[in-house]
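Top line first, the protein sequences correspond to chains A and B.
So the mapping is simple: our numbering equals the position in the first sequence, first residue as 1, plus 26.
So the mapping is simple: our numbering equals the position in the second sequence, first residue as 1, plus 1.
Glycine is no exception: its CB is placed at the ideal position from the N, C-alpha and C atoms.
Have a look at the structure below, then the notes.
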Amino acid sequence: MTREDPFGVVLFESVSHALRAEKISKAENIPCKLIPVPRQLSSDCGVCLRFSVVHRERVERALSGQLDFYEIVLL
Amino acid sequence: MEAVYLDNAATSFPKPGATLEAMVRYQREIGGSPGRSGHRLSIDAGRIVHETREALARLFNVDDPLRIVFTKNATEALNIALIGLLKPGDHVITTGLEHNSVMRPLRFLASHGVELSVIPTSDRGELDPDDMSAAFRVNTRAVVMTHASNVTGTIMPLKEVGALTRDRENVVLCVDAAQTAGALPVDVAAMGVDLLAFTGHKSLFGPQGTGGLYIRKGLEHGIAPFMRGGTGSRSEFEEQPEFMPDKYECGTPNTIGLAGLGAGAAYILEKGVDAVRAKELTLTRRFLNRLQEFGGDVALYGPAEAEKRISLISFNLRDITPSDAALFLDEQWNIMCRPGLHCAPAAHRTIGTFPQGTVRFSFGFFNTEDHVDLAAEALRSLLQG
């Protein structure tokens with residue numbers, strides 16, 4: 027995954043949730059990375075989970091029922 | 002001469018090398034503030050804190066690690082639970098064996114309109130669950146009790162009490178696991194525990210200044226935090242977040258301590274709680290056997306059988322005061338133990354040793370049979386004085 031690929035991010039309530047989501051996604055072998063929340067989405071000081079858009083459904087499936095998250099945003 | 006440390010119930014010593022290495026590694030190579038910035042070193046710090054949460058969740062059979070809140074010790078965890086949960090008009094049940102970390106918050110609450118029942122135990126510290134069953138009232142909100150006494154060593158019938166609280170809607174079981182987390186199997190699901198307070202620096206092999214509280218899903222809505230502040234989340238709002246664990250974790254955490262605690266918990270997971278228990282049971286059994294050599298010169302408190310105890314043993318020697326005995330053992334034999342009341346006057350009243358207290362030897366995973374034998378030899382020399 028390079029920065030130029032179309033990507034999406036999952037937004038969470040807190041960094042603890044984001045870290046747990048990273049673990050769950052990596053356990054499913056979904057390439058992802060924790061990054062600061064892009065400015066246009068929130069002014070919060072938190073992090074979000076970035077993934078390539080091709081993995082969108084896998085991310086959603088992996089997290090559903092495991093963890094609360096606000097939303098998935100495609101950028 | 003090397004010190005023989007028999008005060009593991011106060012704090013464990015030594016710690017596994019992994020505990021110290023994790024702390025040094027965090028401070029040398031990472032150093033960031035967890036959850037406070039988006040950069041790599043902050044995320045790495047957050048990862049350390051999260052991995053500690055995961056290790057503890059595995060150890061206590063908690064399905065979601067975010068149900069665990071970090072505190073500075075078990076006392077803070079118990080205060081969050083008790084002060085946050087109990088309201089004037091509520092009734093709370095506890096036992097006659099409790100440490101002041103439970104007793105003092107409860108006495109405070111009792112002076113502010115909470116009804117308190119203290120269920121007596123036998124003079125060996127054994128609780129009859131039927132006595133507790135009879136104490137429930139319509140307004141009973143919680144049962145608060147230790148998993149094992151820090152004075153008598155008695156392991157409490159948690160499973161039986163858990164069955165009583167689970168049968169009653171709205172009754173919460175809050176357990177003080179300061180002496181047992183890491184030393185005995187703790188399964189919050191199987192035991193029916195709703196709130197579990199633990200310390201990091203005893204049998205979990207973390208450093209002092211670490212501890213935590215497990216809160217069963219949904220229960221946080223009825224427990225007000227007593228601190229509010231920055232959490233690194235929801236920064237655009239001036240109100241405290243309501244979600245776990247941020248609701249109760251504000252201000253920069255003790256990341257270096259939690260790094261050590263995570264390594265300590267991982268060490269126990271690797272060895273297995275059962276192996277830790279087996280080792281400590283062997284030492285306890287050996288010391289109980291050695292005490293028999295002294296016949297009537299030793300008054301032993303707590304259950305006679307090692308299986309009913311954690312690895313601590315309280316006793317008195319003839320007319321020798323506990324403090325004199327401890328000073329002799331320290332100065333003449335390099336043996337570190339703890340005399341007195343052990344912050345648990347209620348327990349000492351129960352066993353009839355208030356106010357003079359007892360001598361307490363508490364063995365840990367790093368003690369050896371040689372330590373036990375040396376301790377017995379030292380007691381012999383003291384009695385022959």
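The segment 116-157 of chain B is shown to contain whole beta strand (DSSP E) runs of 3 or more residues at 116-120, 141-147, in chain order. Using a Cβ-Cβ cut-off of 8 Å, A/Arg84 is close to nothing in chain B; its nearest Cβ partner there is about 21 Å away.
For B/Arg169, the three-state secondary structure derived from DSSP is coil. Runs of alpha helix (DSSP H) with 4 or more residues, each lying fully within the segment 240-316 of chain B, are found at 256-272, 274-293, listed in chain order. In this chain, the beta strand (DSSP E) harbouring B/Gly212 covers 212-216. In this structure B/His343 is in contact with B/Arg361, their Cβ atoms being roughly 6 Å apart against a cut-off of 8 Å. Counting C-beta pairs closer than 8 Å gives fewer than three between the segment 81-95 of chain B and the segment 199-209 of chain B, which falls short of the contact rule. Note that the C-beta distance between A/His43 and A/Phe77 is not below 8 Å. The beta carbon of B/Arg48 falls within 8 Å of a beta carbon belonging to chain A, placing the residue at that interface.
It is roughly 12 Å from the alpha-carbon of B/Ser13 to the alpha-carbon of B/Met337. Counting the other Cβ atoms within 10 Å of the Cβ of B/Asp195 gives 16 or more, which makes it buried.
By the C-beta density criterion, B/Arg54 is buried, having at least 16 other C-beta atoms within 10 angstroms.
Chain-ordered listing is empty here: chain A has no CB closer than 7 Å to the CB of B/Ile269, the nearest sitting near 21 Å. Interface criterion not met: the Cβ of A/Glu54 is under 8 Å from no Cβ in chain B. Here B/Thr369 is exposed: its Cβ has fewer than 16 other Cβ atoms, across all protein chains shown, within 10 Å. At a cut-off of 8 Å between beta-carbon atoms, A/Glu97 makes no contact with chain B.
Using a CB distance below 9 Å, the part of the segment 31-46 of chain A facing chain B consists of Phe38, Glu39, Ser40, Val41, Ser42, His43, Ala44, Leu45, Arg46, ordered along the chain. Between the alpha carbons of B/Thr122 and B/Gly47 lies a gap of roughly 44 Å. Note that the segment 208-227 of chain B does not touch the segment 28-37 of chain B; fewer than 3 beta-carbon pairs, one per stretch, sit closer than 8 Å.
If one requires a minimum length of 3 residues, the beta strand (DSSP E) runs lying completely within the segment 35-83 of chain B are 69-72, in chain order. The beta carbon of B/Ser324 lies closer than 6 Å to those of Pro340 in the same chain, with the five residues before and after it left out. With a cutoff of 8 Å on beta-carbon distance, A/Val63 and A/Gly72 are scored as near each other. Residue burial annotation: B/Arg41 is exposed, with fewer than 16 other C-beta atoms found within 10 angstroms of its C-beta.
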